[in-house]
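Below is one structure, written out as structure tokens; the observations come after it.
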Amino acid sequence: MAAYRSVFRCFAGCDAEYPLTLPIYRCPKCDGLLEVSHDMEALRDRGAAAWMKLFDDRWMRTQWPYGSGVWGKREWVAPQVPDDCIVSTGEGGTNMFWADRLGREMNVPDLWVKLCGNSHTGSFKDLGMTVLVSVVKQAIAQGSLKTRALCCASTGDTSASLAAYGAAAGLPVAVLLPRGRVSTAQLVQPLAHGARVFALETDFDGCMAVVQELARRGLVYLANSMNPLRIEGQKTVSLEIVQQFDWEAPDWIVLPSGNLGNAAALYAGFKMMLDLGLVARVPRLCVAQAERANPMYRAFVAGKDVVEPIAAGETLATAIQIGNPVSAPRAMAALRAMHGVVEQASEEELADASARADRTGLYTCPHTGVALACLFKLRAKG
Ligand SMILES: [Zn+2]
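Numbering (the working numbering), first residue to last: 561 to 942.
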């Protein structure tokens with residue numbers, strides 16, 4: 561394990577590296593986003609077949625911490641975190657639903673739905689939060705971090721996840737939510753875990769601006785997906801998908817996305833598998849957005865490389881009701897590399913798609929409805 565190593569680097573390419581235990585969220589040189597960078601030469605000490613065997617041997621077993629879908633791939637995620645700092649709820653390893661009947665109805669043969677929400681706190685956010693909270697625990701144990709609280713802005717799922725992992729680690733958590741826009745179930749979760757919950761008279765983007773300012777002043781540790789540690793954990797979803805297809809990449813992945821960190825994470829996982837020879841190609845990507853919160857869709861149809869912020873309108877898909885996506889530059893790079901497209905779904909389209917899926921045995925949230933509606937529209941366009 562000691563040979564493997566990952567550090568923060570500037571996403572735009574400034575020449576410097578920083579330890580993962582340092583509380584920085586932007587490049588000190590250009591103020592751009594950071595990413596986690598691995599020593600790929602060290603990871604080549606195993607061939608592709610040996611990595612697949614190692615990951616298969618650990619998959620869903622009980623030996624700590626490898627039963628976690630994330631820590632079962634720890635060499636590729638955060639190799640320097642020691643066992644006693646890992647904060648895990650057994651995240652990952654979520655099932656793949658073969659949507660056979662829905663696929664036949666919609667003329668999409670071999671349609672599978674990766675049910676990332678079948679997780680400890682009910683969303684895929686657990687994949688990233690386990691990495692972030694574990695690195696924070698490591699940093700505190702080493703004496704390189706002092707913070708009053710881990711803090712995030714949230715439309716619901718992120719706060720539930722951060723609060724649970726913070727509570728599991730015994731670390732204080734503060735969450736900032738837009739007042740009146742989070743469901744009761746999502747409000748109850750952080751309260752139950754003992755997090756300080758603040759309801760602000762603004763939208764998600766407004767909450768995000770406040771969290772960034774608090775982090776800039778050194779008052780809190782920032783736990784939103786602007787923090788690349790979240791993306792490192794979330795990228796294991798790509799590895800899981802390929803592993804669950806017996807190490808074969810699917811043709812297309814349709815992903816509902818608001819803050820766009822998950823699109824970046826998906827590509828990060830495929831890029832590593834490609835570089836280390838586990839796959840021979842990456843799938844094509846469709847980023848699916850709600851029509852009322854569609855800044856990346858607008859950039860895509862206008863042929864622009866830069867996503868311009870908009871004011872997001874009310875949508876049933878509250879978790880992706882985001883007008884100023886923090887990870888837009890990362891997601892644009894993912895879109896290019898995966899020969900991607902961006903599609904949007906109206907409120908009626910997403911509701912219809914959700915209902916249609918539920919009639920075939922799925923039980924979908926509106927965000928999955930957005931992804932399915934966009935898939936059906938792509939299919940109709942050929
Ligand atoms: Zn930079």
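C-beta: ideal position from N, C-alpha, C; glycine also.
Worksheet item: According to DSSP, which residues form a beta bridge with K951?
Response: Not covered by the structure: residue 951. The range shown for the chain is 561 to 942.
Fill in: Closest by C-alpha distance to Y725, when choosing among G703, L737, L705 and Q749
For Y725, the nearest C-alpha among the options comes from Q749.
Worksheet item: Which same chain residues, not among the five before or five after A911, have their C-beta less than 8 angstroms away from its C-beta?
Response: Here the set comprises L876, P926 and G929.
Item to complete: Report whether the distance from the Cβ of A572 to the nearest heavy atom of ligand 1 is below 7 angstroms.
Response: It does: the Cβ of A572 is within 7 angstroms (strictly closer) of some heavy atom of ligand 1.
Worksheet item: Mind checking whether V733 and A709 have CB atoms under 8 angstroms apart?
Response: A contact, by the Cβ cut-off of 8 angstroms.
Worksheet item: Does any C-beta atom of chain C lie closer than 8 angstroms to the C-beta of C570?
Response: Included in the structure is just one protein chain, with no chain C present.
Worksheet entry | the segment 694-708 contacting the segment 639-647, beta-carbon criterion three pairs below 8 angstroms | By the Cβ rule, the segment 694-708 counts as touching the segment 639-647, because three or more pairs are nearer than 8 angstroms.
Practice prompt. With a 10 Å radius around its C-beta and 16 neighbouring C-beta atoms as the bar for buried, classify C676 as buried or exposed.
Written response: C676 comes out buried.
Practice prompt. Would you mind reading off the limits of the alpha helix (DSSP H) that contains S694?
Written response: S694 -> alpha helix (DSSP H) spans K685 to Q702.
Worksheet item: In terms of alpha-carbon separation, which member of D616, I700, T654 and D765 lies closest to V641?
Response: The residue from D616, I700, T654 and D765 with its alpha-carbon nearest to that of V641 is I700.
Item to complete: Below 8 angstroms CB to CB, which residues in the same chain sit around D918 once its five sequence neighbours on both sides are set aside?
Response: Correct list, in chain order: T924.
Worksheet item: How about E651 and H680: are their beta carbons less than 8 angstroms apart?
Response: Result yes, Cβ atoms of E651 and H680 sit closer than 8 angstroms.
Practice prompt. Could you round the C-beta distance between V771 and L782 to whole angstroms and report it? I think they count as a contact, below 8 angstroms.
Written response: Between V771 and L782 a beta carbon distance of about 6 angstroms is seen, short of the 8 angstroms cut, so the two are scored as contacting.
Practice prompt. May I ask you to check if the CB of C934 is nearer than 7 angstroms to at least one heavy atom of ligand 1?
Written response: Checking the Cβ of C934 against ligand 1 gives no.
Discussion item. Check this for me: beta carbons of A823 and L799, under 8 angstroms apart or not?
Written reply: Contact: no.
Discussion item. According to DSSP, simplified to helix, strand and coil, what is Q794?
Written reply: In this structure, DSSP gives Q794 a helical state, which the three-state scheme calls helix.
Fill in: Cβ neighbour criterion (16 or more within 10 Å) applied to N884
Flag for N884 reads buried.
Practice prompt. Return yes when the C-beta of K674 is under 7 angstroms from any heavy atom of ligand 1, and no when it is not.
Written response: For ligand 1, not one heavy atom lies less than 7 angstroms from the Cβ of K674.
Worksheet entry | Close beta carbons around L836, own chain, < 8 angstroms, minus the five adjacent residues each side | Cβ within range, chain order: M600, L603, R604, A608 and W611.
Discussion item. Across the segment 931-941 and the segment 887-906, are there enough close Cβ pairs to call them in contact, namely three or more that are closer than 8 angstroms?
Written reply: Yes, the segment 931-941 is in contact with the segment 887-906.
Worksheet entry | Secondary structure, alpha helix (DSSP H): runs of 4+ residues fully inside the segment 572-647 | If we require 4 residues or more, the alpha helix (DSSP H) runs fully inside the segment 572-647 come out as 600-603 and 608-618.
Fill in: A825 to E761 span [Cα, whole Å]
Computed Cα separation, rounded: 31 angstroms.
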